[in-house]
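J.: Provided herewith is a single structure, encoded as C-alpha cells, for subsequent inquiry.
Chains as they are written, first to last, in the UniProt record's numbering: chain A, 1 to 296; chain B, 1 to 296; chain C, 1 to 296.
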C-alpha cells in the first residue's frame, strides 16, 4: 500500500453495514471464509460502524474459527466519538485524536474483534483539534506494544496528511477516501496527486455511491447509468458494478475499492473487474457522463 | 511563536481602533500600563490603522513614560498603501512589498511609535506583485540595521507563505489571520495545518467577529449565541467572550488572540479564558452551532 | 524560463489560429520572418490546434526556408486525443499521457513541423490517469533520442505540477496557463506562487481573453475597458493590448505572453508593452476594475 507498508488484497471487504445483514455468527463465518477463499483477505471496520458494532459481530464469528485471523488483514479506525452519555440534548458527536483516546479506541477494537493486533489503524476523520505530535506518540506506543502494525488516515485533506506525516518516521500507509463516478473530487483537489507522489495507495469508500447510481433520477444519474451500460456491453462485463470498480482501480494512485455488500455472489462478482481494462477513451467517457461536459 | 522566534504574551492587545477610543495620551498611558501589569505585553499596530494613526497616538503616550517600551513587544505591519494624493478620482488603495516600500514603512512606524526597533514586522497582505527575493532583501537589511527583530506575515495563503519562507533563513514567526466562531476557514483550508507543521503560532484577529456574534440576527448567530451561553454556564465562565477566546486558543496551532477593546475591564476579563478548558465535545458543539450540521 | 531551462523571447507567437488566417506558405514564411526579425523567436504549437493542423502549415512554410528553424524555439504539446475514428456517437475527446502516446505525439509533431527536434514539449492538460513515472520515462527517452530538449506542462494545478516534478531530474521549464484581466485565478490559487518559488516562468495564454475585453457588454468588461483606456492614456501606450501585456508581464513570476494575432502590425505593436511600466497603484487599479471591489 505504501513504501514499507502492508499488502492488501485487490479488494477490501467492508463491514460497516454488517449489523443490517442479519447474519448469525456461523453465517458470518461462512461469508468471511468464502471471500477469503476468493482472495479478499483485507477487511475494513471502525468502532463507530453499526449497532451492535461490526467489530463485535465479526469478533464473535472469528471465535468460531480462530485460525482465520491469520489469513486476514484487519483495518480499523479511531477518532470519532458519539455524544457522551448524559451529555444532554445538545451534546454532539465529535472527533478525538488525543493519545489517550486513540489508545483506548484500539483497545476497544481489539476486545471486540479478538486477537492481539490490528494490521492497520486509520484516523477516521481529521480532528480539527489534532495535535500531530500527540497522534505520533500514540502511534509509537501502539507499535511498540504490538497492538497495531501500520498506520494511516481517512478523509484527510492534503495539508492534514502532510501535517501528520511530518511527525512520523514511517509513511502513512493509506488515505481512505470517497471515490465513485458521482463524487471524485479527490481526483482533482490534490488528494490523489499527493498519494501518487508518495507512492501511497488510497482505499476507496462508497464506490457505488450508496446505490444512487442504480436508482437516482437526476440527469447526472441517468447519464451515468446509460454510459455505464454501454461500457458494460463494450467490455463484456457482467454488471455495471464491475465497470465502476475497474474505472476506480485504473486511477493512477491505484485505489483499492472497499466492497459493501453482504451477498457473497455480488462480492465475488466484483472480482471480475480485475479482468477489465477500460481504454482511456472509455475511462474519460464516464468522466464526461458524470460532469455533463467534455474535458477542457 | 516559532522556532527561534519571539515570545508573546498569551493575548495581544490590538490598537486598530485606538483613534475611536478618544483617550488622551495620559489615559492611554494608563491603559497600556494596566494591561502590561496584567501580563499583556504584546501590542499590535499597523501604519494603516486609524486616523490619526494608532502608531502616532501610541507613540505620544509612550513618550510620557519611555521606560514602558522595554516591557512591550511591538508588532507592526507594512505593505498596504493608501491611494496616492492627487491620484485622481479613480485611484485605489494598493499593496506594495517592494524593498523600498517595506523599509520606508518601518521607518515611518518607528518615527510615529518612537523607539529604535519593532519587535515583529508583518507583511500585512500578500501583494500579488510580491517579489519574494526583494522582500527577503528588505528583511535582511532591517534585521542588520537593528530596526526589526523578527518577521512574519498576515492573511497569507499557504502557497504565499511557502513562497516567502523559501527565500528566508529564519522561520516566519507568525501568520496573523481571522479566527472566530463565524469565520474559521483557516481551520480547514490548510492555513493552520501549515502553521502547526512548522510549529508556528498564528495570531488571531477579529476573534469576536466584530461584535456580530453579540448582535447578529441570522440563524447562525442565534445558534452561536445560544450555544455560547450554554457553554458559558457549563464552564462557569464570566462571559461568552471568554468562551470564544478559549475555543480559539484550544486550536492545536495555539493561536494568540488579539483583543480589540479599549475598556480595561473587558481586556482583563479576557484573561479568564486562560483558566477555561473546553472538552472536545464542547469545542465541537460550537463548531456544529456555527455550521448548522454535525461533524461528517 | 527555469533553472537550467531554455531562453524564450519576451513574447511567444502562438499559432493555434493559424488555419483561420488563410495564409499561403509564402505568406506565412514572410510572417514568421518578420516576427523573428522583431525578436519574437519562440513559437507555440500543439497537435490539436487547427484543421489543417497549425504544425502542418508551419512545417510547409519552414520548408521554403529551412535555415529559419535554427532561429526559432519551437514549443509543442502532447496529451489531448480526439475521439477515436469509428468510436461511435458517444466517443469523447480524452487525455493520454502514456509513454507510447507521448512519444507518438512528438513524432507526429516532428513529421508535420519538419526538423529533428522540439525545443520544448508541454503536457497539454493534466491527464487524470497520469502515471507520473511513465511520463518521466517518456521524457527520458525523448531527451536521449534528441527529439525534445526541454519539458514543461500546461494548465497543471500545483499538486499535479508537484507530482510530475517529483519524478524528474530537471525542473519543468514552464506551466502554460490562462492569464488575463478577466481570468487570473492563477494569481491567487497558488499556481503562480509555486512557479515563483521554483523560479519557473509561466507562459500566459488568452492574454486578451479571446477578445471579450474589447467587445463584452457585462459590467465587468465595461469597467475593464474604461480603466484600460485611462491607463493607456496615463502610460502613453498605443493600445490597450499593450497595457494588458504589460500588466501580465509585471506579475512577479514573470509570465511570457503568447500572442494570438496573425497581423504582423498587431504582433509588433505588442512589443511596445516592454517599454511600459505600470505603477503598483496602476496595476491594482486594473485588478480592482476586474473584481469590482477594492483590495481587502
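All residues carry an ideal CB built from backbone N, CA and C; glycine is no exception.
I'd like to know whether the C-beta atoms of residue 138 of chain B and residue 99 of chain B end up nearer to each other than 7 Å.
T.: Taking 7 Å as the Cβ cut-off, residue 138 of chain B and residue 99 of chain B qualify as a contacting pair.
J.: Label residue 55 of chain B either buried or exposed according to how many other C-beta atoms from any shown protein chain fall within 10 Å of its C-beta, with 16 as the threshold for buried.
T.: Buried, since its Cβ has 16 or more Cβ neighbours within 10 Å.
J.: Enumerated in chain order, which unbroken segments of the alpha helix (DSSP H) with a length of 4 residues or greater are wholly contained in the segment 236-267 of chain B?
T.: The segment 236-267 of chain B contains these whole alpha helix (DSSP H) runs: 240-249.
J.: My understanding is that residue 163 of chain A touches residue 193 of chain B, with C-beta atoms under 8 Å, so please give their C-beta distance in whole angstroms.
T.: Contact flag correct, Cβ pair sits at about 5 Å.
J.: Answer with yes or no whether the minimum CB distance from residue 89 of chain C to chain A is below 7 Å.
T.: So, not an interface residue.
J.: Given this structure, state the Cα-to-Cα distance separating residue 258 of chain A from residue 166 of chain C, to the nearest angstrom.
T.: Their backbone Cα atoms lie some 29 Å apart in a straight line.
J.: Can a CB atom of chain C be found closer than 7 Å to the CB of residue 202 of chain B?
T.: It does not; no Cβ of chain C falls within 7 Å.
J.: Which residues in chain B sit within 9 Å of residue 129 of chain A, going by Cβ to Cβ distance?
T.: The contacting residues are 250, 251, 252, 280, 283 and 284.
J.: Kindly indicate which three-state DSSP category residue 16 of chain C falls into: helix, strand or coil?
T.: The answer is coil: DSSP assigns residue 16 of chain C none of H, G, I, E or B.
J.: With a CB to CB cut of under 7 Å and the five nearest residues on each side skipped, what residues in its chain are close to residue 65 of chain B?
T.: So the list reads 29, once near-sequence residues are dropped.
J.: What distance in whole Å lies between the Cβ atoms of residue 181 of chain C and residue 224 of chain C, which are believed to be in contact at a cut-off of 8 Å?
T.: Right, the Cβ-Cβ distance comes to about 6 Å (below 8 Å), so this counts as a contact.
J.: Using a Cβ-Cβ distance under 7 Å, would residue 84 of chain A count as near chain B?
T.: Yes - at least one Cβ of chain B is within 7 Å of the one on residue 84 of chain A.
J.: Classify residue 77 of chain B as buried or exposed, calling it buried when 16 or more other Cβ atoms lie within 10 Å of its own Cβ.
T.: The residue is buried, with at least 16 neighbouring Cβ atoms inside 10 Å.
J.: Would you mind reading off the limits of the alpha helix (DSSP H) that contains residue 191 of chain B?
T.: Residue 191 of chain B -> alpha helix (DSSP H) spans 191-197.
J.: Using the Cβ count rule (16 or more neighbours within 10 Å means buried), how would you classify residue 281 of chain B?
T.: With 16 or more Cβ atoms within 10 Å of its Cβ, residue 281 of chain B is classed as buried.
J.: Interface residues of chain C around residue 288 of chain A at Cβ under 8 Å?
T.: Ordered by position in chain C, the residues that pass the 8 Å Cβ test against residue 288 of chain A are 92.
J.: Look up residue 122 of chain A in the DSSP assignment and give the residues it is bridged to.
T.: Paired residue(s): A:77 and A:152.
J.: At a Cβ threshold of 7 Å, is residue 12 of chain A touching chain C?
T.: No, no contact with chain C.
J.: Determine the DSSP secondary structure at residue 186 of chain A, reduced to helix, strand or coil.
T.: If DSSP states are grouped into helix, strand and coil, residue 186 of chain A belongs with the helices.
J.: Quick one: does residue 197 of chain C have its CB under 7 Å from some CB of chain B?
T.: Yes, residue 197 of chain C counts as interfacial toward chain B.
J.: Mapping the DSSP letters down to three states, classify residue 134 of chain C as helix, strand or coil.
T.: In the structure shown, residue 134 of chain C sits in a helix (DSSP, three-state: H, G or I).
J.: Count Cβ pairs between the segment 143-163 of chain B and the segment 109-126 of chain B that sit closer than 8 Å; are there 3 or more?
T.: Cβ pair count under 8 Å is three or more, so yes.
J.: Buried or exposed: which applies to residue 85 of chain C, given that a residue is buried once 16 or more other Cβ atoms fall within 10 Å of its Cβ?
T.: Exposed, by the Cβ-count rule.
J.: Can you tell me whether DSSP reads residue 94 of chain B as helix, strand or coil?
T.: Three-state result, residue 94 of chain B: strand.
J.: Name, going along the chain, the residues of the segment 138-167 of chain A whose beta-carbon falls closer than 9 Å to a beta-carbon of chain C.
T.: Listed in sequence order: 158.
J.: Can residue 106 of chain A be considered in contact with the ligand GTP, in the sense that its beta carbon sits closer than 6 Å to one or more heavy atoms?
T.: Although the ligand GTP was asked about, the structure shown includes no ligands whatsoever.
J.: For a contact meaning CB atoms closer than 8 Å, what does residue 49 of chain C contact in chain A?
T.: Going along chain A, no residue has its Cβ under 8 Å from residue 49 of chain C, so there is no contact; the nearest lies around 15 Å.
J.: The beta strand (DSSP E) spanning residue 43 of chain B covers which residue range?
T.: Run containing residue 43 of chain B: 42-44, per the beta strand (DSSP E) assignment.
J.: Short of 6 Å in beta carbon distance, which residues of its chain neighbour residue 9 of chain A, apart from the five on each side in sequence? Order them along the chain.
T.: Here the set comprises 39, 40, 41 and 42.
J.: Starting from residue 177 of chain A, trace the beta strand (DSSP E) in both directions and tell me its first and last residue.
T.: Here the beta strand (DSSP E) through residue 177 of chain A covers 175-178.
J.: So which residues of chain E does residue 96 of chain B contact, with C-beta pairs closer than 7 Å?
T.: You won't find chain E in this structure, because its protein chains are A, B and C.
J.: Determine which residues share a DSSP beta bridge with residue 204 of chain A and list them.
T.: Bridge partners of residue 204 of chain A: A:177 and A:257.
J.: At least one CB of chain C closer than 7 Å to the CB of residue 116 of chain A: is that the case?
T.: Answer no: the Cβ-Cβ gap between residue 116 of chain A and chain C never drops below 7 Å.
J.: With 16 as the cutoff for other CB atoms within 10 Å, does residue 222 of chain B come out buried or exposed?
T.: Exposed, by the Cβ-count rule.
J.: For the structure I just gave you, are there three or more beta carbon pairs, one from the segment 264-273 of chain B and one from the segment 241-254 of chain B, closer than 8 Å?
T.: Yes, the segment 264-273 of chain B touches the segment 241-254 of chain B.
J.: Just to confirm my understanding: we take residue 263 of chain B, look at its own chain, exclude 5 residues before and 5 after, and list those with CB closer than 8 Å. What are they?
T.: No residues qualify anywhere along the chain.
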